[in-house]
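Asker: From first to last, the protein sequence lines are chains P and D. The first sequence begins at 5 in the numbering used here and counts up one residue at a time. The second sequence begins at 5 in the numbering used here and counts up one residue at a time.
There are 2 protein chains.
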Amino acid sequence: MQKLVIPRKTVYRLSLYYRALQRLRVGKTATVSSAALAKAAGVKPTQLRKDLTYFGQFGTRGLGYSVESLSKQLTDVLGTTRLQPVILVGAGNLGAALLRYHGFAKEGFEVVAAFDVKTSKTRAQQLGVKLLPMTELGGFVREQHIKMAILTVPGTVAQEVANALVEAGVLAILNFAPIILQVPDRVVVNNVDLAIELENLSYFIQ
Amino acid sequence: MQKLVIPRKTVYRLSLYYRALQRLRVGKTATVSSAALAKAAGVKPTQLRKDLTYFGQFGTRGLGYSVESLSKQLTDVLGTTRLQPVILVGAGNLGAALLRYHGFAKEGFEVVAAFDVKTSKTRAQQLGVKLLPMTELGGFVREQHIKMAILTVPGTVAQEVANALVEAGVLAILNFAPIILQVPDRVVVNNVDLAIELENLSYFIQ
DNA sequence: CTGTGTGAAGGCTTTCACAGCC
DNA sequence: GGCTGTGAAAGCCTTCACACAG
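(1) For the candidate residues L52/P, R86/P, K32/P, whose alpha-carbon lies nearest to that of Q210/D?
(2) Please report the straight-line C-alpha distance between Y207/D and L92/P, rounded to a whole angstrom.
(3) Would you call the region 179 to 193 of chain P and the region 128 to 145 of chain P in contact, with 3 or more CB pairs under 8 Å?
(4) In chain order, which beta strand (DSSP E) runs of at least 3 residues are fully inside the region 91 to 172 of chain P?
(5) Use the C-beta contact count for D80/P: other C-beta atoms within 10 angstroms, 16 or more gives buried, fewer gives exposed.
(6) Roughly how many whole angstroms lie between the Cα atoms of Q6/D and S124/D?
(7) Please name the residue, chosen from E147/P, V161/P, I10/P, P182/P, that lies closest to V174/P on a Cα-to-Cα basis.
(8) Distance cutoff 7 Å, beta carbons only. Does R190/D sit that close to anything in chain P?
(9) From the beta carbon of L74/D, is the nearest beta carbon of chain P less than 7 Å away?
(10) Round the Cβ separation of T35/D and L102/D to the nearest angstrom and send it over; I've been treating them as touching at under 8 Å.
(11) Assign N167/D to one of two classes, buried (16 or more other C-beta atoms within 10 Å of its C-beta) or exposed (fewer than that).
(12) With distances taken between CB atoms, is the gap from F62/D to L52/D smaller than 7 Å?
(13) Just confirm the distance between the C-beta atoms of A45/D and I184/P, as a whole number of angstroms; I'd bet it's less than 8 Å.
(14) Compute the distance between the beta-carbons of P188/P and I150/P, then report whether it is under 7 Å.
(15) Distance, Cα to Cα, A117/P vs H106/P?
(16) Output needed in chain order: residues of the region 152 to 185 of chain P with a Cβ under 7 Å from some Cβ in chain D.
(17) Here's a check: name, in chain order, each residue in its chain whose Cβ is nearer than 8 Å to the Cβ of G60/D, leaving out the five neighbours to either side.
(18) So that I know if they touch, is there some Cβ in chain D lying closer than 7 Å to that of V70/P?
(19) Considering only the alpha carbon of each residue, which of Q129/P, T126/P, T160/P, V196/P lies closest to I154/P?
(20) Which same chain residues, not among the five before or five after M152/D, have their C-beta less than 8 Å away from its C-beta?
(21) Mind pulling the chain P residues with CB within less than 9 Å of L131/D?
(22) So the alpha helix (DSSP H) I200/D belongs to, where does it begin and stop?
(23) Give the residues of chain D in contact with L41/P, contact being defined as C-beta atoms less than 7 Å apart.
(24) In its own chain, which residues sit with a C-beta less than 8 Å from the C-beta of P158/D, not counting the 5 before and 5 after it?
(25) From what residue to what residue does the beta strand (DSSP E) around V193/D run?
(26) Taking C-beta pairs closer than 7 Å, name the residues in chain D that Q61/P reaches, listed in chain order.
(27) Check the Cβ of Q210/D against every Cβ in chain P and list those closer than 7 Å, keeping chain order.
(28) Leaving out the 5 sequence neighbours to the left and right, which residues in its chain are closer than 6 Å to P49/P when beta-carbon positions are compared?
(29) Starting from P89/D, follow its DSSP beta bridges and name the residues at the other end.
(30) Where do the N-terminal and C-terminal ends of the beta strand (DSSP E) with S75/D fall, by residue?
(31) Does any residue of chain P have a CB that is nearer than 7 Å to the CB of A118/D?
(32) Suppose contacts are defined by Cβ-Cβ distances below 7 Å. Is M138/P in contact with V115/P by that definition?
(33) Taking the DSSP output, what are the residues bridged to L178/D?
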């Protein structure tokens, strides 16, 4: 597997393609051309074809791609074949909000526990997930072999918590705190900053 | 103003720089080098300097940048000098979650109203914001001259709602629905898809 | 004849190297 | 001496053009 040569942007687009394919699948479409799929994913047809060739040949010339088969290939490449356990750290405003929003679950991810400095039975019931104190973070991650974490703590403690996560063995962090986390090279961080997205939009409407 | 020549990625990074500067400001730092600021923003020093030169010269050679002054310049360029009114469409799980999370407010954006197909007094009170039926969307946008919208409706109706927003005069959409919106060139869309971010991470931990 | 696969060209961003100013 | 500003070079990604398969 020469996954190291696949550009990050390509990997990101694979998810877009997968999403678009799922919509076709429920629409009972059996086969799709690069032109049609590219449009649904918001990219150019040549880019879609180029992206796919990074890890194999999946289409039939003159016909297109099998929706079913390409879907499967993509889940294999993306590593979403099995349900991936995830923990959420920081059950404050945003963290609690994300827990209530169950958008992750249906896409192959399960939030198996949440962590916060302050825990209580009633709060745990509100959130509908196991709520543990920060002191148990390291042990839990190690025992359950957790590899992915959603980080929704305040920016002031984000780096410190990230350090604890990394030390316990977490390899991927979805970071909502508005700071750039310093982590070892083996750890991947994706940043989501809603305020920055809005700020970015505001530039374009002047 | 030759804003058209500034790369999109540069504009995005300006927000990162601004964020980093705010942290320095509360730390009473008066002046900062490109090396220090770049590290805080997670980029290379040369890139930071190149980004800034797209719209002027702000530093002092041998010294660095004035935190105060550069902050102001950035808000000018980004267009966040004035408080920008925003509406949220779709007060379901995710929409409600974002309303409860007040991360936007402190960054210069105010959610002035939320829209949903079903409205009720108690629901509006829970959300802490004016909750209006979808039928009033167009009128409200036109009267209040709303330019920015956060879209948190189900994917199945997202395009339809986006059309209504665009027709009423909205110029920028922060889209959380998992589809690619088709909009006129004058309208800017930023997509945020939490499931895709997780999926993307899962590729890197295989 | 339709639609994929792909080397080559083109375009865009990042990085380098160093001149210029404090 | 330290640090910014910037043309030039390098690197990366996208798009083109067309060969090739069904």
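Even glycine gets a Cβ: it sits at the ideal position worked out from N, Cα and C.
Answerer: According to the structure shown:
(1) By one-based count along the second sequence, residue 210/D stands at place 206. For Q210/D, the closest alpha carbon among the candidates L52/P, R86/P, K32/P is that of R86/P.
(2) Walking along the second sequence from the start, residue 207/D turns up at place 203. Walking along the first sequence from the start, residue 92/P turns up at place 88. The alpha-carbon of Y207/D is positioned some 19 Å away from that of L92/P.
(3) Not touching, per the Cβ criterion.
(4) Entirely contained in the region 91 to 172 of chain P, the beta strand (DSSP E) runs reaching 3 residues are, in chain order, 113 to 120, 135 to 137, 152 to 155.
(5) Translated into the one-based positions of the first sequence, residue 80/P becomes position 76. Residue environment for D80/P: exposed (fewer than 16 other C-beta atoms within 10 angstroms of its C-beta).
(6) Position 2 of the second sequence, counting from 1, holds the residue named residue 6/D. Position 120 of the second sequence, counting from 1, holds the residue named residue 124/D. Per-residue confidence for Q6/D stands at a pLDDT of 46, beneath the threshold of 50, marking its modelled position as unreliable; no derived number is given.
(7) Against the first sequence, residue 174/P aligns to sequence position 170. Sorting E147/P, V161/P, I10/P, P182/P by C-alpha distance to the C-alpha of V174/P places E147/P at the top.
(8) Numbered from its first residue, the second sequence carries residue 190/D at position 186. With 7 Å as the cut-off, R190/D does not count as an interface residue toward chain P.
(9) For the purposes of this step, residue 74/D is taken as residue 70 along the second sequence, with counting starting at 1. No, its Cβ sits nowhere closer than 7 Å to a Cβ of chain P.
(10) The residue given as residue 35/D occupies position 31 in the second sequence. The residue given as residue 102/D occupies position 98 in the second sequence. Taking the Cβ atoms as the reference, T35/D lies roughly 37 Å from L102/D, outside the contact range of under 8 Å.
(11) Working through the second sequence from its first residue, we reach residue 167/D at position 163. Burial call: exposed.
(12) In the second sequence, residue 62/D corresponds to position 58, counting from 1. In the second sequence, residue 52/D corresponds to position 48, counting from 1. Result no, Cβ atoms of F62/D and L52/D do not sit closer than 7 Å.
(13) Working through the second sequence from its first residue, we reach residue 45/D at position 41. Working through the first sequence from its first residue, we reach residue 184/P at position 180. The pair is a contact, with the Cβ atoms about 6 Å apart (cut-off 8 Å).
(14) Taking the first residue of the first sequence as 1, we reach residue 188/P at position 184. Taking the first residue of the first sequence as 1, we reach residue 150/P at position 146. The Cβ-Cβ distance between P188/P and I150/P does not fall below 7 Å.
(15) As a working mapping, residue 117/P is identified with position 113 in the first sequence. As a working mapping, residue 106/P is identified with position 102 in the first sequence. Here the C-alpha atom of A117/P lies approximately 14 Å from the C-alpha atom of H106/P.
(16) Listed in sequence order: M152, L175, A176, L178, P182, I184.
(17) By 1-based counting over the second sequence, the position of residue 60/D is 56. Only Q77 meet the Cβ criterion.
(18) Looking up residue 70/P in the first sequence gives position 66. Looking at the sequence shown, residue 70/P is not Val but Ser. Taking Cβ atoms only, chain D never reaches closer than 7 Å to S70/P, which makes this a no.
(19) One-based indexing of the first sequence puts residue 154/P at position 150. Measuring from the Cα of I154/P, the nearest candidate turns out to be V196/P.
(20) Along the second sequence, one-based indexing puts residue 152/D at 148. Correct list, in chain order: Q88, P89, V90, I91, F113, V174, L175, A176, I177, L178.
(21) The residue given as residue 131/D occupies position 127 in the second sequence. Under the 9 Å cutoff, chain P gives no residues; its nearest Cβ is about 12 Å from L131/D.
(22) Counting from 1 along the second sequence, the entry for residue 200/D is found at position 196. Taken as a continuous stretch (DSSP letters only), the alpha helix (DSSP H) holding I200/D covers 198 to 208.
(23) If you number the first sequence from 1, residue 41/P lands on position 37. Near L41/P there are no residues of chain D at all, since even the closest Cβ is about 11 Å away, more than 7 Å.
(24) What you label residue 158/D is simply residue 154 of the second sequence in a count that begins at 1. Excluding residues within five positions, the ones whose Cβ falls inside 8 Å are G94, G96, A181.
(25) As a first step, residue 193/D is located in the second sequence; it is residue number 189 there, counting from the start. That run of the beta strand (DSSP E) goes 192 to 195.
(26) By 1-based counting over the first sequence, the position of residue 61/P is 57. None at all; the shortest Cβ gap to chain D is about 20 Å.
(27) Reading the second sequence from its first residue, position 206 is the one you call residue 210/D. Against chain P, a Cβ distance below 7 Å from Q210/D picks out G83.
(28) Reading the first sequence from its first residue, position 45 is the one you call residue 49/P. The residues are S38, A39, A42.
(29) Working through the second sequence from its first residue, we reach residue 89/D at position 85. Residue pairing by DSSP places P89/D opposite E114/D in a beta bridge.
(30) Start at 1 with the first residue of the second sequence, and residue 75/D comes out as number 71. Not the beta strand (DSSP E): S75/D falls in the alpha helix (DSSP H), residues 71 to 82.
(31) Here residue 118/D refers to the residue found at position 114 when the second sequence is read from its first residue. The beta-carbon of A118/D is placed no less than 7 Å from the nearest beta-carbon of chain P.
(32) In the first sequence, residue 138/P corresponds to position 134, counting from 1. In the first sequence, residue 115/P corresponds to position 111, counting from 1. V115/P is positioned such that its CB atom lies no closer than 7 Å to that of M138/P.
(33) Start at 1 with the first residue of the second sequence, and residue 178/D comes out as number 174. Looking at the DSSP output, L178/D sits in a beta bridge with I154/D, N194/D.
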